[in-house]
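Asker: Read top to bottom, the protein sequences are chains X and R. Throughout the first sequence, residue numbering follows the numbering used here, covering 1 to 347 in sequence. Throughout the second sequence, residue numbering follows the numbering used here, covering 348 to 694 in sequence. Glycine is no exception: its CB is placed at the ideal position from the N, C-alpha and C atoms. Please read all numbers here as calculations on a predicted model, not as lab measurements. Let me begin by handing over the structure; questions about it come next.
There are 2 protein chains.
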Amino acid sequence: MRIAIIGYGGVGRAFLQLLLDKKDELSKEDINPNVKYVITSKGGIYNPDGIDIEEFVNYTKLNKDIMNFSTGEVQHITFNDLLENKDIDMVIEMTPTNKNTGEPGMTHIVESLKNGFHVVTANKGPILLAYKRLKEIASKNNVQLGIGCTTGGALPTINGGLMDMAGSTIQSIEGVLNGTTNFILNEMEKNMLEYDEALKKAQELGIAETDSTLDVEGWDTAIKLLILTNVLMNQEKELKDIKVEGISKIKISDIQEAAKEGKKYKLVGKTVKVEDGLDMTVRLEKLDTKNPLYGVDDKNKGIRYVSDTLGDLTIIGGASGVTPAASSILRDLINIKRGYKFISNNI
Amino acid sequence: MRIAIIGYGGVGRAFLQLLLDKKDELSKEDINPNVKYVITSKGGIYNPDGIDIEEFVNYTKLNKDIMNFSTGEVQHITFNDLLENKDIDMVIEMTPTNKNTGEPGMTHIVESLKNGFHVVTANKGPILLAYKRLKEIASKNNVQLGIGCTTGGALPTINGGLMDMAGSTIQSIEGVLNGTTNFILNEMEKNMLEYDEALKKAQELGIAETDSTLDVEGWDTAIKLLILTNVLMNQEKELKDIKVEGISKIKISDIQEAAKEGKKYKLVGKTVKVEDGLDMTVRLEKLDTKNPLYGVDDKNKGIRYVSDTLGDLTIIGGASGVTPAASSILRDLINIKRGYKFISNNI
């Protein structure tokens, strides 16, 4: 399989490392990865015979500037060169997310699909803004678009909704989709910390980012919920359609009172079918032990689908980190290779 | 899609009903089911233009003998006629399970695969006895074998292990796989019943069968664990390789003592990689709240996979009954139609 890597950060490096570590298993699937391009905002390299992945990974462990890597690579390659050469089967799009324009990922995905390349992406922006349009372009060009990494990484939220619920109509989506807030709430309960202290601990441990607004104000959860709703319920909702509340006002006394009732606070993203459409919320909810998401602790995540014919399905897991995220990209790649049509030809 | 139904009990009728109820959704997937054969131990009928599913379902609600149904059907059709006619794409095999010979399902599956028909089956016997051989026959003939219904019905255990864990190596399998025993244990805890009383209640409610040996002695769990282990870990184990203990010796005092420690007894089937192979057990285990299977209550089921690169994955759900079971067959049918290769060409 001839591959182009666009965007090369922590997940990108973990992905190439996985291609090395999983060489034998991939070979059994008849997948022999041939990475021809690595393109970043600083420039791109190209090797028509395939970049030596092992050498490249080792090189980039020490050097940030990929433009000085050379074992015969062509330097200063751009995305347009890739489109002209047309010598790949799949683009792995991992550039940083822009929630307003989706760029540069949007252009990469649109043009790749139009040129007949499968795309697997970790980039939430384009999927958030234009999934339906991207799906139509993919369908028209008879290629696939893998987006599993955008909504929970290792947790198979998209797989769960598309493959495990195939033939069933999803009536509600309920998820604990943000590991950072879940860790903070867990710390408050377990170690009797107030919110600010728990947040600080999460930041010190590298679990929360320095600017953790996206996580703690609920926007990361909202983005994931939006993508899941649009993809699995065939909607075209926008972020403004979701009522979003974060966790920053919660006090340790709230958590203790809930615990007395045998309940736990979780930041829950939820889409429910109501009479006049959909009710979409992100907010703190008190879950009791009857709710299978009750046990989603620490950095874990969980998603629950209620359906008409297959009943309830709850999936819990989703290890955090660059390797699990890269593994979810590899999962999409393999499922596409196995012939799965996430997107049918007749939408 | 041209379909033959072999074996027609409660799940079979629910399956045909689903084909009617889901007509529009299936049409969107480009699936227009054309059921040409229904063959049971009492005889078979055949309509080269497709049996009128609605009339047939209504007829069989009142009449057990399908041989008197006729809107132009050819009567007294056998499985051999179907093999000769070669005018179908998929066989849905739902005959009763025989754990010793696998028959008559084994012959149906082998011959169907050899004749180039996809097979989706609810029949544990052949899968238990000969999955690897069946997989090889399917691969050789470039057709698929869907077995999701054999290991938990609506709970996507096979999907979870094959599709959601694609690219990751499963290191252990741990499941609460039998709804009946889970219901009994739950009743004992909730309503302070002794084992015999809880079993009686389950039987009265139709949850446990009159002869519930297979369930309560752990064999149903063992069979499902065996299939999952062989399919997901590429093994050829047999039932004798599993240490199997049932739940019939548990006392209400045991359950109460566990509850004091904040734990619950569950009948757990577990396969773990150890130094010299695999350790496979079915037995009562005390789970604490840290174990995501702790919350698998009532008739629910759950499965947990631990993997190398995608971390832990726990799936909980799996509504009981003929419609969820039939829905899991429909799920396999759709995923095969979507192009998924459960079985690759190069095994």
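(1) Would a C-beta distance cut-off of 7 Å place VAL322(X) and VAL11(X) closer than the cut-off?
(2) In its own chain, which residues sit with a C-beta less than 8 Å from the C-beta of LYS243(X), not counting the 5 before and 5 after it?
(3) Of all the CB atoms in chain X, is at least one closer than 7 Å to the CB of GLY495(R)?
(4) Starting from ALA666(R), find everything on chain X with Cβ-Cβ shorter than 8 Å and list it in chain order.
(5) Quick check on this structure: which residue in SER388(R), LYS389(R), VAL382(R), ASN432(R) has the alpha carbon closest to the alpha carbon of ASP396(R)?
(6) Which of the three DSSP states, helix, strand or coil, is assigned to THR560(R)?
(7) Over what stretch of residues does the beta strand (DSSP E) that includes LEU284(X) continue unbroken?
(8) Nearest to LEU287(X) by alpha carbon, out of GLU174(X), ASN335(X), ASN58(X)?
(9) Report the CB separation of GLU440(R) from ILE353(R) in whole angstroms; it is logged as a contact under 8 Å.
(10) Please compile the residues from chain R whose C-beta is within a distance smaller than 9 Å of the C-beta of GLY10(X).
(11) Our contact map puts GLN144(X) next to PHE342(X) with C-beta atoms below 8 Å; I'd like the distance itself, whole angstroms only.
(12) For chain X, find out if any of its Cβ atoms is closer than 7 Å to the Cβ of MET580(R); answer yes or no.
(13) Please state whether the Cβ-Cβ distance between ASP213(X) and LEU267(X) is less than 7 Å.
(14) Grouping DSSP H, G and I as helix and E and B as strand, with all else coil, what is ASP65(X)?
(15) On the criterion of 16 or more Cβ atoms from any shown chain inside 10 Å, does ASN470(R) qualify as buried, or is it exposed?
(16) Residues of chain R with a CB under 8 Å from the CB of SER139(X): which are they?
(17) In whole angstroms, give me the CA-to-CA distance for LEU232(X) and LEU162(X).
(18) Using a Cβ-Cβ cut-off of 7 Å (strictly less than) and excluding sequence neighbours within five positions of ASN462(R), which residues of its own chain qualify?
(19) Using 8 Å for Cβ pairs, my map puts ARG678(R) next to TYR340(X). What's the rounded Cβ distance?
(20) Go ahead and pull the three-state DSSP assignment for GLU583(R).
(21) Going by DSSP, which residues form a beta bridge with ALA4(X)?
(22) For LYS301(X), decide whether its Cβ has a neighbour in chain R, counting only Cβ atoms nearer than 7 Å.
(23) So with CB distances below 7 Å, who are the chain R contacts of LYS341(X)?
(24) By the DSSP assignment, the alpha helix (DSSP H) with ARG678(R) in it spans what residues?
(25) Measure from the C-beta of SER374(R) to each C-beta in chain X and report whether the shortest distance is under 7 Å.
(26) Does the contact criterion of 3 or more C-beta pairs under 8 Å hold for the stretch 310-317 of chain X versus the stretch 652-667 of chain R?
(27) Please confirm whether ARG13(X) has its beta-carbon closer than 7 Å to some beta-carbon of chain R.
(28) Since ASN682(R) meets chain X, which of its residues come closer than 7 Å, beta carbon to beta carbon?
(29) What is the residue span of the alpha helix (DSSP H) that THR107(X) lies within?
(30) Are the CB atoms of MET188(X) and ILE252(X) nearer to each other than 7 Å?
(31) Against chain X, with Cβ distances strictly below 7 Å, would ASN394(R) count as a contact?
(32) From ILE207(X) to THR221(X), what does the alpha carbon distance come to, in whole angstroms?
(33) Leaving out the 5 sequence neighbours to the left and right, which residues in its chain are closer than 8 Å to LEU367(R) when beta-carbon positions are compared?
(34) Does the CB of SER172(X) have a neighbour CB from chain R at under 7 Å?
(35) The alpha helix (DSSP H) with LEU177(X) in it runs from where to where?
(36) Applying the 10 Å Cβ sphere with the 16-neighbour rule, what's the burial state of LYS443(R)?
Answerer: To lay it out plainly:
(1) Numbered from its first residue, the first sequence carries residue 322(X) at position 322. Numbered from its first residue, the first sequence carries residue 11(X) at position 11. Yes.
(2) Counted from its first residue, the first sequence places residue 243(X) at position 243. The answer, listed in chain order, is MET280, THR281, VAL282, ARG283.
(3) Against the second sequence, residue 495(R) aligns to sequence position 148. Not one chain X Cβ lies under 7 Å of GLY495(R).
(4) Looking up residue 666(R) in the second sequence gives position 319. Going along chain X in sequence order, the residues near ALA666(R) (Cβ under 8 Å) are LEU310, GLY311, ASP312.
(5) As a working mapping, residue 396(R) is identified with position 49 in the second sequence. Taking ASP396(R) as reference, the option from SER388(R), LYS389(R), VAL382(R), ASN432(R) with the minimal CA-CA separation is VAL382(R).
(6) On the second sequence, position 213 is the one that residue 560(R) refers to. Three-state result, THR560(R): helix.
(7) For the purposes of this step, residue 284(X) is taken as residue 284 along the first sequence, with counting starting at 1. Residues 277-287.
(8) Counted from its first residue, the first sequence places residue 287(X) at position 287. Measuring from the Cα of LEU287(X), the nearest candidate turns out to be GLU174(X).
(9) Here residue 440(R) is taken as the residue at index 93 of the second sequence, counted from 1. Here residue 353(R) is taken as the residue at index 6 of the second sequence, counted from 1. Sure, about 5 Å apart at Cβ, within 8 Å.
(10) The residue given as residue 10(X) occupies position 10 in the first sequence. Within chain R, no C-beta atom comes nearer than 9 Å to that of GLY10(X); the closest sits roughly 15 Å away.
(11) As a first step, residue 144(X) must be located in the first sequence, where it is residue number 144. As a first step, residue 342(X) must be located in the first sequence, where it is residue number 342. Contact holds; Cβ gap of about 6 Å.
(12) Reading the second sequence from its first residue, position 233 is the one you call residue 580(R). Chain X contact via Cβ: absent.
(13) As a first step, residue 213(X) is located in the first sequence; it is residue number 213 there, counting from the start. As a first step, residue 267(X) is located in the first sequence; it is residue number 267 there, counting from the start. Checking the sequence shown, residue 213(X) turns out to be Thr, not Asp. Cβ distance not < 7 Å, so THR213(X) and LEU267(X) don't count as in contact.
(14) By one-based count along the first sequence, residue 65(X) stands at place 65. Note: ASP65(X) maps to coil in three-state DSSP.
(15) Counting from 1 along the second sequence, the entry for residue 470(R) is found at position 123. The residue in question, ASN470(R), is buried, as its Cβ has 16 or more Cβ neighbours within 10 Å.
(16) Locating residue 139(X) in the first sequence gives position 139, counting from the first residue. Think of a sphere of 8 Å around the beta carbon of SER139(X): no beta carbon from chain R falls inside it, the nearest being about 12 Å out.
(17) For this step, residue 232(X) is matched to residue 232 along the first sequence. For this step, residue 162(X) is matched to residue 162 along the first sequence. Our two residues, LEU232(X) and LEU162(X), have alpha carbons roughly 7 Å apart in a direct line.
(18) The sequence position of residue 462(R) within the second sequence is 115, counting from 1. Excluding five sequence positions before and after ASN462(R), the CB atoms of its chain that fall closer than 7 Å to its own CB belong to LEU430, LYS433, given in chain order.
(19) Against the second sequence, residue 678(R) aligns to sequence position 331. Against the first sequence, residue 340(X) aligns to sequence position 340. Cβ-Cβ separation between ARG678(R) and TYR340(X): approximately 13 Å, too far for a contact (criterion under 8 Å).
(20) In the second sequence, the residue the question calls residue 583(R) occupies position 236. GLU583(R): coil per DSSP, three-state reduction.
(21) Here the question's residue 4(X) lines up with position 4 in the first sequence. Paired residue(s): TYR37(X), VAL91(X).
(22) Stepping through the first sequence from its first residue, residue 301(X) is reached at position 301. Judged by the 7 Å Cβ criterion, LYS301(X) is not in contact with chain R.
(23) Position 341 of the first sequence, counted from the first residue, corresponds to residue 341(X). In chain order: ARG685, GLY686.
(24) For the purposes of this step, residue 678(R) is taken as residue 331 along the second sequence, with counting starting at 1. Following the DSSP letters along the chain, one finds ARG678(R) inside the alpha helix (DSSP H) bounded by residues 669-684.
(25) What you label residue 374(R) is simply residue 27 of the second sequence in a count that begins at 1. It does not; no Cβ of chain X falls within 7 Å.
(26) These segments touch.
(27) In the first sequence, residue 13(X) corresponds to position 13, counting from 1. No, because no Cβ of chain R sits closer than 7 Å to the Cβ of ARG13(X).
(28) Mapped onto the second sequence, residue 682(R) falls at position 335. Those are MET163, ALA166, listed as they occur along chain X.
(29) Taking the first sequence and counting its residues from 1, one reaches residue 107(X) at position 107. That run of the alpha helix (DSSP H) goes 105-114.
(30) Position 188 of the first sequence, counting from 1, holds the residue named residue 188(X). Position 252 of the first sequence, counting from 1, holds the residue named residue 252(X). Taking 7 Å as the Cβ cut-off, MET188(X) and ILE252(X) qualify as a contacting pair.
(31) Translated into the one-based positions of the second sequence, residue 394(R) becomes position 47. Under the 7 Å criterion on CB atoms, ASN394(R) is classed as non-interfacial with respect to chain X.
(32) Here the question's residue 207(X) lines up with position 207 in the first sequence. Here the question's residue 221(X) lines up with position 221 in the first sequence. Approximately 16 Å between the Cα atoms of the pair.
(33) The residue labelled residue 367(R) in the question sits at position 20 within the second sequence. ILE400, GLU401, VAL404, listed in sequence order.
(34) As a first step, residue 172(X) is located in the first sequence; it is residue number 172 there, counting from the start. By this cut-off, SER172(X) is not an interface position.
(35) If you number the first sequence from 1, residue 177(X) lands on position 177. No alpha helix (DSSP H) holds LEU177(X); DSSP gives it neither H nor E.
(36) The residue labelled residue 443(R) in the question sits at position 96 within the second sequence. It should be pointed out that residue 443(R) corresponds to Pro in this sequence rather than to Lys. The C-beta of PRO443(R) has fewer than 16 other C-beta atoms within 10 Å across all chains shown, which makes the residue exposed.
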